[in-house]
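Enquirer: Those letters in the sequence shown? Residues 1 to 262, per UniProt numbering, in order.
Starting off with a structure, shown below.
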Amino acid sequence: MNLRCYYCNIERPKSQMKRCARCLLVTYCSKECQAASWKISHKYNCRIHPAIASPDDPNKPVPKAEHPKKFTDEWINLEVDKALSRWLGLWRSSFCTWTYIALDLANHPADRGITHCMKLVIQPVHFEDDPAKQYELVEASVAKFTDVVADFPEIDTRIDPEDLTRFRFVVVMQNREGEPRRLRLVQWNDLNAHQWRQKDKSKSASLNSNWAQHLAFSLENFSPAKVEEMFGKEKSDQVNRERLLRLGSQLIHASPEDVMDS
Numbered sequence: 001m002n003l004r005c006y007y008c009n010i011e012r013p014k015s016q017m018k019r020c021a022r023c024l025l026v027t028y029c030s031k032e033c034q035a036a037s038w039k040i041s042h043k044y045n046c047r048i049h050p051a052i053a054s055p056d057d058p059n060k061p062v063p064k065a066e067h068p069k070k071f072t073d074e075w076i077n078l079e080v081d082k083a084l085s086r087w088l089g090l091w092r093s094s095f096c097t098w099t100y101i102a103l104d105l106a107n108h109p110a111d112r113g114i115t116h117c118m119k120l121v122i123q124p125v126h127f128e129d130d131p132a133k134q135y136e137l138v139e140a141s142v143a144k145f146t147d148v149v150a151d152f153p154e155i156d157t158r159i160d161p162e163d164l165t166r167f168r169f170v171v172v173m174q175n176r177e178g179e180p181r182r183l184r185l186v187q188w189n190d191l192n193a194h195q196w197r198q199k200d201k202s203k204s205a206s207l208n209s210n211w212a213q214h215l216a217f218s219l220e221n222f223s224p225a226k227v228e229e230m231f232g233k234e235k236s237d238q239v240n241r242e243r244l245l246r247l248g249s250q251l252i253h254a255s256p257e258d259v260m261d262s
């Protein structure tokens, strides 16, 4: 199985990836990407997963040997979160592109990515073995980020009003009764975002037309790799990775290696 780096978005085999040892929800392809992500944003959003939080200090994880035993309630909750992270890892690259399409950047102010985000509401698909198909889309929309924060005050993230390379989407996982059970905020920097802002306005509007239905169709009928192939992501991902690492190397003075785990 391959996973996506939370920072540079490049794909690597699971065995080559590192998982954040605090939240257990994001993975990185290298210590450089982890350190850059921590410096820029992850340190503001990372929370100790409740299943591994110390009973004496919820801001510290317990040793790995004390992680929940299999089939306990804590273990089940942790596995639910890991399954959602795995699904998001498979689709994250495509969702980033869908965010640009949904926001219709060429036809809106430059701060569109700061004020708005793509919002996805999903629910589990039972008895599905394919990790990429274990959730189905209930609703896709563009939302004001302030409205999302008002609905989900647990979102506590730093927004730089000057950073026009920063984008985000929100995933709300609900149960079959429509009750929210999990919330994920995904953020990233794209130094090539100007290409979407400079796109021909009519072409951007055409892409934006019925984007939610097209996204739902893609999730149901295609694999993540097929969607990325249609988007032509691989080459641009590599270019974006190289530029992000150059930027990150200018920002980082010390790497918080204690929050890395395999």
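The beta carbon of each residue, even a glycine, is placed where N, CA and C say it ideally should be.
1. Give the range of the alpha helix (DSSP H) segment to which PHE95 is assigned.
2. How long is the line joining the alpha carbons of SER141 and ALA102, rounded to whole angstroms?
3. For CYS96 and TRP188, which I take to be in contact (beta-carbon distance under 8 Å), what is that distance rounded to the nearest angstrom?
4. Please confirm whether ALA143 and PRO224 have their CB atoms less than 9 Å apart.
5. If you follow the beta strand (DSSP E) that VAL227 is part of, which residue opens it and which one closes it?
6. What is the C-beta distance between ASN9 and ARG92, in whole angstroms, given that I count them as a contact (C-beta under 8 Å)?
7. Mind checking which residues open and close the beta strand (DSSP E) that includes ILE40?
8. Can you tell me which of SER209, VAL138, GLU66 and ARG184 puts its alpha carbon nearest to the alpha carbon of GLU220?
9. Among all the DSSP beta bridges, which residues are the ones paired with LYS31?
10. Once the 5 residues before and after ALA83 are set aside, which same chain residues still bring their CB inside 7 Å of it?
11. Would a C-beta distance cut-off of 9 Å place CYS117 and VAL170 closer than the cut-off?
12. Could you pull the start and end residues of the beta strand (DSSP E) that SER141 belongs to?
13. Can you give me the start and stop residues for the beta strand (DSSP E) that GLN187 sits inside?
Expert: Looking at the atomic coordinates:
1. 73-103
2. 8 Å
3. 6 Å
4. no
5. Looking at the DSSP string, VAL227 is not in any beta strand (DSSP E); the run it does join, the alpha helix (DSSP H), is 224-231.
6. 7 Å
7. Run containing ILE40: none; DSSP gives neither H nor E here.
8. VAL138
9. Answer is none; LYS31 lacks a bridge partner.
10. GLN134
11. yes
12. 135-144
13. 180-189
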